[in-house]
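S.K.: Sharing a structure, written as structure tokens. Questions coming.
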Amino acid sequence: MIFCLSITVPAQAIELKAKYQPGDFKLVYGKQAADILISADDLKVVSIVANDLATDVERVANIKPRVRTTRDDPSKNIVIIGTLGKSSVIDDLVKRGKIDISRIKNKWESFQIETIPKPFPGVENAMIIAGSDGRGTAFGVYELSQRIGVSPWVWWADVAPDKRDRVVISRGKYTSSEPSVKYRGIFLNDEDWGLQPWAAKTLEPETGNIGPKTYARVCELLLRLKANTLWPAMHDVSTPFNANPANRQVADDYAIVMGSSHAEPMLRNNVGEWKAKPEEFNFVTNPAGVTDYWEQRVKENGKFENIYTIGMRGIHDSAIQGPKTQAERIPLLEKIFSVQRGLLSKYVNSDAEKVPQIFCPYKEVLADYRAGLNVPDDVTIVFPDDNFGYIRQFPNAEEQKRKGGFGVYYHISYLGRPLSYLWLNSTPPALVFEEMSKAYANGMRNLWILNVGDLKPAEIGIEFFMQMAYDANRWNVGDVDQYLKTWESREFGDKDAVEIAKIMDKYYRLGFQRKPEHLQWYIPGEKPRKSDLTEDETLERLRDYASLRKRAEDVYAKISSEKKDAFYELVLYPVRSAALANERFFGAELAARHFAVGNGDSMNWAERSAAADRAIAADAHYFNDTLANGKWRHIMSPEMTPGQWTSMRTVAPKISPSEFDLSKIEERKVLVDNFRPEPSAAMISIEAEHFASKTAGDGFSWQIIRGLGKTGDSVSVFPTTAQTFADLLTGSPSLTYKFNVATAGDFTAQLYFLPTQPMFTGTGLRVAFSIDGGQPQVLTVDKDTEVSSAKWAVNILNETTAGTTSRLHLEKGAHILRLFAVETGVVIDKIVFSTGELPTSYFGPPETLVH
310 MIFCLSITVP
320 AQAIELKAKY
330 QPGDFKLVYG
340 KQAADILISA
350 DDLKVVSIVA
360 NDLATDVERV
370 ANIKPRVRTT
380 RDDPSKNIVI
390 IGTLGKSSVI
400 DDLVKRGKID
410 ISRIKNKWES
420 FQIETIPKPF
430 PGVENAMIIA
440 GSDGRGTAFG
450 VYELSQRIGV
460 SPWVWWADVA
470 PDKRDRVVIS
480 RGKYTSSEPS
490 VKYRGIFLND
500 EDWGLQPWAA
510 KTLEPETGNI
520 GPKTYARVCE
530 LLLRLKANTL
540 WPAMHDVSTP
550 FNANPANRQV
560 ADDYAIVMGS
570 SHAEPMLRNN
580 VGEWKAKPEE
590 FNFVTNPAGV
600 TDYWEQRVKE
610 NGKFENIYTI
620 GMRGIHDSAI
630 QGPKTQAERI
640 PLLEKIFSVQ
650 RGLLSKYVNS
660 DAEKVPQIFC
670 PYKEVLADYR
680 AGLNVPDDVT
690 IVFPDDNFGY
700 IRQFPNAEEQ
710 KRKGGFGVYY
720 HISYLGRPLS
730 YLWLNSTPPA
740 LVFEEMSKAY
750 ANGMRNLWIL
760 NVGDLKPAEI
770 GIEFFMQMAY
780 DANRWNVGDV
790 DQYLKTWESR
800 EFGDKDAVEI
810 AKIMDKYYRL
820 GFQRKPEHLQ
830 WYIPGEKPRK
840 SDLTEDETLE
850 RLRDYASLRK
860 RAEDVYAKIS
870 SEKKDAFYEL
880 VLYPVRSAAL
890 ANERFFGAEL
900 AARHFAVGNG
910 DSMNWAERSA
920 AADRAIAADA
930 HYFNDTLANG
940 KWRHIMSPEM
950 TPGQWTSMRT
960 VAPKISPSEF
970 DLSKIEERKV
980 LVDNFRPEPS
990 AAMISIEAEH
1000 FASKTAGDGF
1010 SWQIIRGLGK
1020 TGDSVSVFPT
1030 TAQTFADLLT
1040 GSPSLTYKFN
1050 VATAGDFTAQ
1060 LYFLPTQPMF
1070 TGTGLRVAFS
1080 IDGGQPQVLT
1090 VDKDTEVSSA
1100 KWAVNILNET
1110 TAGTTSRLHL
1120 EKGAHILRLF
1130 AVETGVVIDK
1140 IVFSTGELPT
1150 SYFGPPETLV
1160 H
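Counting from 310, one number per residue, gives the positions in the sequence shown under our numbering.
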């Protein structure tokens, strides 16, 4: 069970028990449920979560507690829920010395859960859930729900809790810490093919769009995950969030902080709300019109809890209109800041510095920031990733002194170039850990926003991100690989958790090699070409996916009927769909290759590709029309609508097997076969995690990141605080590898890195190496590789970038390679020595030596 709390009474614990002992709390016992007491004068969110707790208890024990606002005729055991300073019941208990709230008073989103005897006459025992503020109270309530076996995904992924005829909680007290990151939330984005049609046609057809019912469910999920912030859906298929006043009222009722994306200043949805011509969204030529547009929203929403995005870009995430050069853009943006903050002073708080604000230097705006754009000191600067999971910039020590601090805007779903990925979430939790641990260690702690696309099926990734945001110490480099087992155990029980975790670990590893949405090896606009895989690599990949699919289907066959829907949504559908996507793509490719050389297997491969295409459609149909009695109708779409966004998407192969029937044609045009040949040169391949020894330097050391790598794990330097190491021989963390050369020769070494962005702008990725005790030589990779360049596109689609040394003469026998850290933030995956030309390998050659 995942529980991110600090224990204030180490000898005691608030936990679910199998048997009752004197002093324990009877939440459900003897077919009686404890009442839930709240104060009528408390915040709206408290009433919402108290009723959710009653529903959660009923889900577990088939008995629904009464939620009450008076003490008349109470049950002998009672749950008391309330917010400090808002709940007269809680404040009365504090005044009478029944509870001590000193550890959470005046804290941000903190809570305590404790059991006490005789809170007032007629009640024998009480469980108190007290929050420092409304969200703190909600977090405490949903924490109790998790303790009794209710997953945060009970509604969004149909995770059914185990049934119990009694629910007994041990006596004790817990006090939470303040969250690690102040604002934590999600961005609903690219909702065209899933979330919007599902909301409009299934969940709330009366609204005909994403509306208050959908947002209420999203807000509930956020609180169950201990998150607090939402950027709403903003594509033109969706009604703008603020167009329906009920939406913002729902967010306020749930105490959710509303914001807007990097491209939507001042809570405005430009795609749906700017009614003038797009070219008039121009602060140079139309400052009054644009200012009035912003002013209207701040005037309407100023009474709610918001984070205001400041700055300006064009309509629908395009470049700002008006200025033609950076020299023109920078002073214009600074003027816009001033105007926007004037509106905040007028309608929200006379002191604009007390109004939460962010500035996100996304895409070309980052260059403006690097060139000296002056952002007001109290504004949080939110650095983006490159849309593919690699954070673009980290604040230096001087920048970290800013009052407003820093944050991160991160993607596990993306519509854009070079290729989109919107269908299956295959971003490994280990990659999220590697990047976000760097962010936190380097002062990016004020806001973390995760772009989740249309939310499903990204549940595992969403929760991992939120766990890190809530408690940055919850996972570390030594145990992050246990996340999947812990998560699966909570969702499906201990019996199957190990096998399910292994299945999902392999799923993420295969997806990291190449995402199911990125199986096309050329970028739209380029000349079509085949993949970079050898035929052996192709067949091995298909075998791996086939085995993985069978393992998932075997678990599905035996898992309890109550868990089948959740297992299908969280495990079987993504695993099987990824396997089928690979079968469809590579089946078509192998059919073409075998047909070109007159091999009779071409027809078989074509039929396998076509069958996989039909199976993908069948699974999507089941997800949409049958799963959970039709609850998710219209939510799942494997592909975009034909013809949409063609410049930033792959095209799924659609083939007719008869085209590859050799018996039906007399003459056959031989196709160009550009499959990469198997390497013929002598090679020595070493997985980076298989070092013989390591040394620390200045408190830093290389550590293995399990679950992150193309063919194994990877290594990086921890802690991840930005640091350079000038004295390589004595002050740098190092790794030692031992290897043998069978025949003397001239070798080239190639180091495979993950395509992270350097922690020091403009340096590239750097590591030093020495052979057999020689002088260390610095190897620099991607120093001049800009995001959106052709080289970067290849890097992020392959999830790798490589640095190559000059020729090294190695005699026959044993040798020692030593790697030295030049700076933190570099992740090494594999090391390869070759006497011939180093191929542009998809996986890199298999390991030949392990020490």
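We treat Cβ as the ideally placed atom computed from N, Cα and C, and that holds for glycine. Bear in mind the structure is a predicted one, so any value in this text is a computation, not a measurement.
For my contact list, residue 958 and residue 756 are in at a C-beta cut-off of 8 Å; report their separation, rounded to the angstrom.
M.R.: Wrong, their Cβ atoms sit about 30 Å apart, outside the cutoff.
S.K.: Can you tell me whether residue 838 is buried or exposed, with buried defined as 16 or more other CB within 10 angstroms of its CB?
M.R.: Burial call: exposed.
S.K.: Quick test of your reading: residue 1139 and residue 996, contact by CB under 8 Å. State the CB separation rounded to the nearest angstrom.
M.R.: The pair is a contact, with the Cβ atoms about 6 Å apart (cut-off 8 Å).
S.K.: Buried or exposed: residue 1155, going by 16 or more other Cβ atoms within 10 Å of its Cβ?
M.R.: The residue in question, residue 1155, is exposed, as its Cβ has fewer than 16 Cβ neighbours within 10 Å.
S.K.: Report yes if the CB atom of residue 742 is closer than 9 Å to the CB atom of residue 1018, and no otherwise.
M.R.: Not closer than 9 Å, so no.
S.K.: Would you mind giving the Cβ-Cβ distance between residue 1133 and residue 1062, rounded to the nearest angstrom? I have them listed as a contact below 8 Å.
M.R.: No, residue 1133 and residue 1062 are not in contact; Cβ-Cβ is about 13 Å, not under 8 Å.
S.K.: Assuming residue 881 and residue 862 are in contact, meaning their beta carbons sit under 8 Å apart, how far apart are those beta carbons, in whole angstroms?
M.R.: Their Cβ separation, rounded to whole angstroms, is 7 Å, which keeps residue 881 and residue 862 in contact under 8 Å.
S.K.: Whose CA, out of 622, 496, 563, lies closest to the CA of residue 521?
M.R.: The residue with the shortest Cα to Cα distance from residue 521 is 563.
S.K.: Report yes or no: do three or more beta-carbon pairs, one from the region 764-777 and one from the region 858-876, lie closer than 8 Å?
M.R.: No, they do not touch.
S.K.: Could you tell me the alpha carbon to alpha carbon distance between residue 1078 and residue 504, rounded to whole angstroms?
M.R.: Each residue's alpha carbon lies about 49 Å from the other.
S.K.: Using 10 angstroms around the beta-carbon of residue 1142, count the other beta-carbons present and answer buried if the total reaches 16, otherwise exposed.
M.R.: With 16 or more Cβ atoms within 10 Å of its Cβ, residue 1142 is classed as buried.
S.K.: Inspect the beta-carbon positions of residue 532 and residue 358 and report whether they are closer than 9 Å.
M.R.: Result yes, Cβ atoms of residue 532 and residue 358 sit closer than 9 Å.
S.K.: Report buried or exposed for residue 392, applying the criterion of at least 16 other Cβ atoms within 10 angstroms of its Cβ.
M.R.: Flag for residue 392 reads buried.
S.K.: CB-CB under 7 Å to residue 786, same chain, minus the five flanking residues each way: which ones, in chain order?
M.R.: Result list for residue 786: 1012, 1014, 1027, in chain order.
S.K.: Under 8 Å, with one C-beta from each stretch per pair, do the region 647-662 and the region 689-701 reach the 3-pair mark?
M.R.: Contact fails: fewer than three Cβ-Cβ distances are below 8 Å.
S.K.: Skipping 5 residues on each side, what residues in its chain have a beta carbon closer than 8 Å to that of residue 329?
M.R.: 335, 338, 475, 477, listed in sequence order.
S.K.: Buried or exposed for residue 930, please, with buried defined as at least 16 other CB atoms from any protein chain shown within 10 angstroms of its CB.
M.R.: Classification for residue 930: exposed.
S.K.: With DSSP as the reference, identify every bridge partner of residue 482, one or two as the case may be.
M.R.: Residue 482 pairs with 423.
S.K.: What ranges does the beta strand (DSSP E) occupy inside the region 748-804, keeping only unbroken runs of at least 3 residues that lie completely in it?
M.R.: Within the region 748-804, the complete beta strand (DSSP E) runs of at least 3 residues are 756-762.
S.K.: Nearest by alpha-carbon distance to residue 347: which of 398, 361, 365 is it?
M.R.: The residue with the shortest Cα to Cα distance from residue 347 is 398.
S.K.: Which residues in the same chain as residue 428 place their Cβ atom closer than 7 Å to its Cβ, once the five residues preceding and following it in sequence are excluded?
M.R.: Taken in chain order, the residues that qualify are 389, 402, 407, 435.
S.K.: Decide yes or no for the touch test of the region 745-759 against the region 712-719: beta carbon pairs closer than 8 Å, at least 3 of them.
M.R.: Judged by Cβ distances under 8 Å, the region 745-759 makes contact with the region 712-719, as three or more pairs qualify.
S.K.: Might you give, ordered along the chain, the residues of its own chain that have their beta carbon closer than 8 Å to the beta carbon of residue 1146, omitting 5 neighbours on each side?
M.R.: Hits under 8 Å: 990.
S.K.: List the endpoints of the continuous beta strand (DSSP E) containing residue 610.
M.R.: Note, residue 610: premise wrong, no beta strand (DSSP E); alpha helix (DSSP H) at 596-610.
S.K.: Can you determine whether any heavy atom of the ligand MG sits closer than 8 Å to the C-beta of residue 638, and answer yes or no?
M.R.: Questions concerning the ligand MG fall outside what the structure shown contains, since it holds no ligand whatsoever.
S.K.: Just the C-alpha distance for residue 867 and residue 934, rounded to the nearest angstrom, thanks.
M.R.: Whole-angstrom Cα-Cα distance: 23 Å.
S.K.: Work out the CA separation of residue 593 and residue 636 for me, nearest whole Å.
M.R.: Cα-Cα distance, rounded: 14 Å.
S.K.: Are residue 928 and residue 879 close, meaning C-beta to C-beta below 9 Å?
M.R.: Going by C-beta atoms, residue 928 is not nearer than 9 Å to residue 879.
S.K.: Tell me the residue span of the beta strand (DSSP E) that contains residue 1138.
M.R.: Here the beta strand (DSSP E) through residue 1138 covers 1136-1143.
S.K.: Counting only the same chain and skipping the five closest in sequence on each side, list residues whose C-beta sits under 8 Å from that of residue 500.
M.R.: Once the five neighbours on either side are set aside, the close Cβ partners of residue 500 are 519, 542, 544, 546, 547, 762, 763.
S.K.: Evaluate the contact criterion for the region 410-417 versus the region 367-385: three or more CB pairs, one atom per stretch, below 8 Å.
M.R.: Not touching, per the Cβ criterion.
S.K.: Please go through the same chain and pick out, in chain order, the residues whose beta-carbon is closer than 6 Å to the beta-carbon of residue 670, but skip the five residues on each side of it.
M.R.: Cβ within range, chain order: 678.
S.K.: State the Cα-Cα distance for the pair residue 324 and residue 456, rounded to the nearest angstrom.
M.R.: The straight-line gap from Cα to Cα measures roughly 6 Å.
S.K.: Is the beta carbon of residue 1121 sitting closer than 9 Å to the one on residue 1053?
M.R.: Yes.
S.K.: Just checking, does the region 554-570 make contact with the region 583-597 on the three C-beta pairs under 8 Å criterion?
M.R.: With a cut-off of 8 Å, the region 583-597 and the region 554-570 do not count as touching, because too few Cβ pairs lie within range.
S.K.: How many angstroms separate the CA atom of residue 1144 from the CA atom of residue 1055?
M.R.: Between residue 1144 and residue 1055, the C-alpha separation is close to 6 Å.
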